[in-house]
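Residue numbers (the numbering used here): 8 to 212. Every residue gets a Cβ at the ideal spot worked out from N, C-alpha and C, and that includes glycine.
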Amino acid sequence: MSLDRLKCYAAVSAYIHLGLAIIGIYVFVVLMVVEVASEYTFMNSYEDNKLTAMYFLAAGLVYHILLFCFSLVAAVGISRRKNLLLAPFVTLIYTLISVCGLLALSYFIGGLWNGKAAFGKLLQTLLLSFSLVGAEALIFSPVHKLYRIWRDSPPCSRLEEQQEYEAECEHQEVNNENYNTNIYKIHNQHSTKKGETLEDKVVYI
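Right, here's the structure in full:
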């Protein structure tokens, strides 16, 4: 896979996480409002109180706010070829995958140890959790691969790539200036020809 295509996939991954973060923020804000405004506690089945539920919702909201910020920074880092801007996003997703995997595994082992749930149900929950973690890892993989390539590349290579990117930007600016100049010249020529035509008509009359 070429580096340009990998950067394209990484940008798509960053924007997908950005969209998921926006949805997550909205969902957790709504859940917190419902939790505060009503006497119902969605964690009653776990015999937890309302305060514990609010802690859980607050943690989810904070995570999605961080995901929104870091995804936005990662998208900027990909477009500007800044490896350091990808680091917070990569660290956050590393943490998410690790925590979710450990929680799923601990729930499975705890259920087997206590014997309060059927093995089939525990196995189904474990497989579903690992499937979600695998999907997240798949979406995240382009950013991770691009981050490792930029991190492991020699400093001179990153400098040359940055200089190439800046040269492309300057070339684009020059093209835009030339385009505007040509449009201005054409407009002036058209105005001059129109003025000469009017003058000729006046002399003829």
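Pairwise C-alpha distance: residue j and residue i
i    : j    : result
A65  : F96  : 20 Å
M61  : L103 : 20 Å
L99  : F77  : 8 Å
S86  : S160 : 18 Å
R155 : F63  : 33 Å
A124 : R158 : 46 Å
L129 : V37  : 30 Å
G6   : D11  : Summary: the structure shown does not reach residue 6, with the chain confined to residues 8 through 212, and so no result is reported for it.
V140 : L134 : 10 Å
I116 : G108 : 12 Å
E143 : F35  : 20 Å
G122 : T132 : 15 Å
Y101 : F147 : 9 Å
V150 : I72  : 19 Å
K14  : I23  : 14 Å
Boundaries of the alpha helix (DSSP H) in which residue i is found, first to last residue
i    : result
A17  : L10 to A44
G122 : It is not in any alpha helix (DSSP H) - G122 carries neither H nor E in the DSSP assignment.
R87  : K57 to R87
With 16 other Cβ atoms within 10 Å as the buried cut-off, status of residue i
i    : result
C163 : Confidence at C163 is low in this model, with a pLDDT of 49, below 50, so the placement of that residue should be treated as unreliable; the coordinate-derived value is given next. C163 is exposed by the Cβ-count criterion.
L145 : exposed
V69  : exposed
V33  : Looking at the sequence shown, residue 33 is not Val but Tyr. Flag for Y33 reads exposed.
F126 : exposed
E203 : Residue placement at E203 is poorly supported in this model, since its pLDDT is 48, which falls under 50; the coordinates still yield a value, given next. Exposed: under 16 other Cβ atoms inside 10 Å.
V106 : exposed
L93  : buried
Y53  : Here the model assigns Y53 a pLDDT of 47, short of 50, so the residue's position is not dependable, and the following value carries that caveat. So Y53 counts as exposed.
A21  : buried
V43  : exposed
8 Å CB neighbourhood of residue i in its chain, flanking five on each side removed
i   : result
A18 : A82, I85 and S86
L91 : G84
K89 : V83
Sequence-distant residues of its chain with Cβ nearer than 6 Å to residue i (five each side left out)
i    : result
V41  : none
S136 : A111
Neighbourhood of residue i by C-beta, 7 Å cutoff - its chain only, sequence neighbours within 5 removed
i   : result
F75 : L25, A28, I29 and I32
L79 : L25
**Q.** Runs of alpha helix (DSSP H) lying entirely within the segment 98 to 160, each at least 4 residues, in chain order
**A.** Runs of the alpha helix (DSSP H) inside the segment 98 to 160: 126 to 159.
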